[in-house]
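Chemist: For the sequence shown, this note's numbering begins at 1 and goes up steadily by one.
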Amino acid sequence: MVVCFDNVKHHLALGKIARRIQDADVMHLLKMILKATGKRSVPQGGVISPLISNVYLNEVDRMLEKAIEVTRYGKQRQYTVVQYARYADDLVILIHACHWNDWVVKAVEKQLREELGKLQVEINEEKSRTIDLSKGERFSFLGFEYRRIQEITGAWWPLLTPKAKKRKAVTQKLKGIFLRYRSQPGKRVIEQINPTLRGWVNYFAVGNSSRCFASLKHWVELKVRRHLMRAQQRKGFGWKRWSTASLICRTRVIS
């Protein structure tokens with residue numbers, strides 16, 4: 001179950017924060033930040049937005065933690081039926097895929113809607129959905145796409161890879177850098193693209209991203225080769241002029 005929220009009420013958010021912060025100046029600053037976004041929601045991309053959302057949705061976390069404990073089973077209650085992950089206003093609820101757990105899906109969804117109703121939070125119905133990983137369906141969360149795969153041994157494992165949208169976004173950004181520094185030396189171009197590459201790779205390194213990284217590395221190599229050959233007023237990619245290893249050493253492209 002993938003859930004996205006809309007319409008955070010500012011007065012409720014400030015009230016919850018005020019229980020923990022007894023500083024008039026800080027509260028005034030937070031009020032001004034929220035006011036700048038309109039009457040509802042939190043600033044998109046704001047550094048303080050995840051913290052505000054986390055405080056605002058604490059009750060949702062408590063409800064889900066209770067659901068986890070209530071549905072535990074096993075001799076020592078070591079197995080869980082429900083798990084969840086939430087970052088700011090994005091939430092994923094995972095429920096064990098046994099047929100006898102259908103009632104858990106309905107119960108959790110009902111309790112979630114009731115809890116959000118108390119907070120006057122609306123669910124973004126367009127972005128929220130219930131999926132079944134055992135049927136080959138997939139979902140996206142925090143830039144990753146999640147699905148289930150079966151290994152040769154028969155074991156099932158989760159596979160998380162960078163979303164196609166994120167892959168396209170990084171190549172578009174890099175294209176802009178290559179275009180902007182078209183007349184600059186290769187070393188100068190590499191200095192500009194490496195921070196973007198390093199940040200993107202470090203973020204997605206936690207997933208199953210090796211194929212994606214290899215594809216991106218090849219794409220960057222071709223762009224660098226064309227840049228270097230264009231600077232020498234030559235056509236092609238310079239395959240005979242530079243090997244891949246020497247090119248990486250020469251330009252220090254992230255490998």
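Yeah, the Cβ is synthetic: ideal placement off N, Cα and C, and Gly gets one too. Please read all numbers here as calculations on a predicted model, not as lab measurements.
Quick one: which unbroken alpha helix (DSSP H) runs of 4-plus residues sit fully inside the region 23 to 85? Chain order, please.
Modeler: You should have 24 to 35, 49 to 56 and 58 to 70.
Chemist: Using 10 angstroms around the beta-carbon of Cys-212, count the other beta-carbons present and answer buried if the total reaches 16, otherwise exposed.
Modeler: Cys-212 comes out buried.
Chemist: Tell me, to the nearest whole angstrom, how far the beta carbon of Gly-207 is from that of Phe-144; I am working on the premise that it is less than 8 angstroms.
Modeler: About 5 angstroms separates the two Cβ atoms, so the contact holds.
Chemist: Does Val-42 pass the burial test, meaning 16 or more other C-beta atoms within 10 Å, or should it be called exposed?
Modeler: So Val-42 counts as buried.
Chemist: Does the region 226 to 237 come within contact of the region 192 to 207, defined as at least 3 CB pairs closer than 8 angstroms?
Modeler: Output reads no: the region 192 to 207 does not touch the region 226 to 237.
Chemist: Pull up the distance between the alpha-carbon of Val-170 and that of Tyr-73, whole angstroms please.
Modeler: When rounded, the distance between both Cα atoms is 44 angstroms.
Chemist: Quick check on Asp-89: buried or exposed, where buried means 16 or more other Cβ atoms within 10 Å of its Cβ?
Modeler: Asp-89 comes out buried.
Chemist: Is the region 61 to 70 touching the region 24 to 35, taking contact as three or more C-beta pairs under 8 angstroms?
Modeler: Because the criterion of three Cβ pairs below 8 angstroms is not met, the region 61 to 70 and the region 24 to 35 do not touch.
Chemist: DSSP state of Gln-172, grouped into three classes?
Modeler: Helix.
Chemist: For Leu-94, report the span of its beta strand (DSSP E) as first-last.
Modeler: Where Leu-94 is concerned, the enclosing beta strand (DSSP E) stretches over 90 to 95.
Chemist: Ignoring anything shorter than 4 residues, give me the alpha helix (DSSP H) runs that lie fully in the region 91 to 146, in order along the chain.
Modeler: Taking only runs of at least 4 residues, the alpha helix (DSSP H) segments lying wholly in the region 91 to 146 are 102 to 118.
Chemist: Please list the terminal residues of the continuous alpha helix (DSSP H) segment that includes Pro-195.
Modeler: First-last of the alpha helix (DSSP H) with Pro-195: 186 to 204.
Chemist: Report all residues from its chain with a CB closer than 7 angstroms to the CB of Pro-158; omit the five preceding and five following residues, and keep chain order.
Modeler: Correct list, in chain order: Tyr-146 and Arg-148.
Chemist: Quick one: grab the DSSP three-state call for Trp-219.
Modeler: Note: Trp-219 maps to helix in three-state DSSP.
Chemist: Between Ala-85 and Ser-134, which are expected to be in contact by the criterion C-beta below 8 angstroms, what is the C-beta distance as a whole number of angstroms?
Modeler: The Cβ separation is near 19 angstroms, so there is no contact.
Chemist: Give the single residue among Ser-215, Ala-13, Leu-179 and Arg-19 whose Cα lies nearest to the Cα of Gln-120.
Modeler: Comparing Cα positions, the closest option is Ala-13.
Chemist: At what residues does the beta strand (DSSP E) containing Thr-161 begin and finish?
Modeler: Per DSSP, Thr-161 belongs to the beta strand (DSSP E) from 156 to 162.
Chemist: Does Ser-246 come out as helix, strand or coil in the three-state DSSP assignment?
Modeler: Helix, per DSSP.
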